[in-house]
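Undergrad: In full-length UniProt numbering, the protein residues as written are 1 to 347. Every residue gets a Cβ at the ideal spot worked out from N, C-alpha and C, and that includes glycine. Before anything else, here's the structure in question.
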Amino acid sequence: MMIFPIFICPHQILPYCSSLRLSLNNRNYMRGLHTLLPEQLRHYCTSESVQTFTAGSLQKSAFGFVPSHRTVTEFDVKLLETFVAKSKRLFVLTGAGISTESGIPDYRSEVVGLYAKSKNRPIQYQDFLKSASLRQRYWARNSVGWPRFSSFEPNDCHKTFSHWEYFKKIHWLVTQNVDALHYKAGSHKVTELHGSAHRVVCLDCKFQMKRTELQEMIQEQNPSWKHRSEDIAPDGDVQLSEEQIQGFKVPCCPNCGGMLKPEIVFFGDNVARDVVDFVYSRLHECDAMLIAGSSLQVFSGYRYANAAKDMRIPLAIINIGPTRADKIADFKFDVRCGDILPKIKLS
Ligand SMILES: [Zn+2]
């Protein structure tokens, strides 16, 4: 079978193919890079090799929470490798799509995402503040999900980014995930945009504690309350019946008796302004942006893709399915993150 070649001509002409959703658009800020139209692409490429891409196509995922996706080709790898090689200070944004390969579902994927499989929705910030019964439900379910949620391990995507940071390829990484898997993989230059399920804060006195410490408190205060659940949400939430939740004693702040909340930005709340600005400042120090495993439906992450466009730096996206930033991206890889990221060799 023919292998699809990358054409780098003396004028740095790279291929474009709309049917493959791979493109290197001719933008003013990428002077010297020209766009080949599909007709020109066929001039260089046999129809057989084009079919390799279009029909190489959808396969059902072996990973339970990863949507169906096409296989990664050598062309994909070379294209992303070139993109990464050109960057000296890479900005990375990750979403739930990279943690699905660790066994954590995402919210929005077709068929396998939480929204597709369940009517369960994450708690709204205002509801958590207003309702004692909703807080009881939240913490009861969260405490059942915690042992499993806290045991998830980083996968090859997290390890690849940790490796890239070690070799100074990544200038900064921002994640929308609250699972702490980037830290577990050894990354340090990380901002958890939506907080972390591994930390708890008191809304009254700002006392902070580890989620593991809170679990011990919960068990001490609920010695005979024991339940299990198989399903788990991206934030560690599980399903329990109202009957099961009854009798659960909600933990209070050990410092002031106030209201405890995981240090997660709940739906309906906003990312703190200083965090938003800190990430902007890191992005402005970078020369390219890579988005991995996010459809960017939440504005908190999407704003940085727009900022990268304003900065006129190259933008690449790896995500199964459409994203909000597809139209402004220079490259789109509609593949599984763990199928391509570990194959990239740093030069
Ligand atoms: Zn307190």
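Can residue 128 be considered in contact with ligand 1, in the sense that its beta carbon sits closer than 7 Å to one or more heavy atoms?
TA: No, since every heavy atom of ligand 1 falls outside the 7 Å radius drawn around the Cβ of residue 128.
Undergrad: Please go through the same chain and pick out, in chain order, the residues whose beta-carbon is closer than 6 Å to the beta-carbon of residue 328, but skip the five residues on each side of it.
TA: So the list reads 309, once near-sequence residues are dropped.
Undergrad: In three-state DSSP terms, what is residue 175?
TA: DSSP places residue 175 in strand when its eight states are reduced to three.
Undergrad: Closer than 5 Å from C-beta to any heavy atom of ligand 1: which residues, in chain order?
TA: Listed along the chain, these residues meet the criterion: 202, 204, 205, 207, 253, 255, 256, 258.
Undergrad: Just mark residue 147 as buried or exposed, buried being the case when its beta carbon has 16 or more other beta carbons within 10 Å.
TA: Its Cβ having fewer than 16 others within 10 Å, residue 147 is exposed.
Undergrad: Throw me the rounded Cβ distance for the residue 174 and residue 304 pair, which I believe falls under 8 Å.
TA: Indeed, because the Cβ distance is near 7 Å, the residues count as touching under 8 Å.
Undergrad: Specify, as a first and last residue, the run of the alpha helix (DSSP H) that residue 157 falls within.
TA: Here the alpha helix (DSSP H) through residue 157 covers 156-166.
Undergrad: Please state whether DSSP places residue 266 in a helix, a strand or coil.
TA: Residue 266 falls in the coil class under three-state DSSP.
Undergrad: Out of 312, 100, 133, 172, which has the shortest C-alpha to C-alpha gap to residue 243?
TA: When each option's Cα is compared against that of residue 243, the closest is 133.
Undergrad: Between which two residues does the alpha helix (DSSP H) harbouring residue 242 extend?
TA: Residues 242-245.
Undergrad: Taking contact to mean at least 3 C-beta pairs separated by less than 8 Å, is the segment 218-227 in contact with the segment 289-300?
TA: Short answer: they don't touch.
Undergrad: Measuring straight from C-alpha to C-alpha, what distance separates residue 188 and residue 177?
TA: Going from the Cα of residue 188 to the Cα of residue 177 covers about 15 Å.
Undergrad: Considering only residues of the same chain and omitting the five flanking positions on each side of residue 37, which have a CB-CB separation below 6 Å?
TA: Interpretation of residue 37 is limited by its pLDDT of 36, a score under 50 that renders its predicted location unreliable; no figure is taken from the coordinates.
Undergrad: Determine the extent of the beta strand (DSSP E) in which residue 317 is found, giving its start and end residues.
TA: Residues 315-318.
Undergrad: Can you list the beta strand (DSSP E) stretches of 3 or more residues lying completely in the segment 70-113, in chain order?
TA: As far as the segment 70-113 is concerned, its whole beta strand (DSSP E) runs of at least 3 residues are 90-94.
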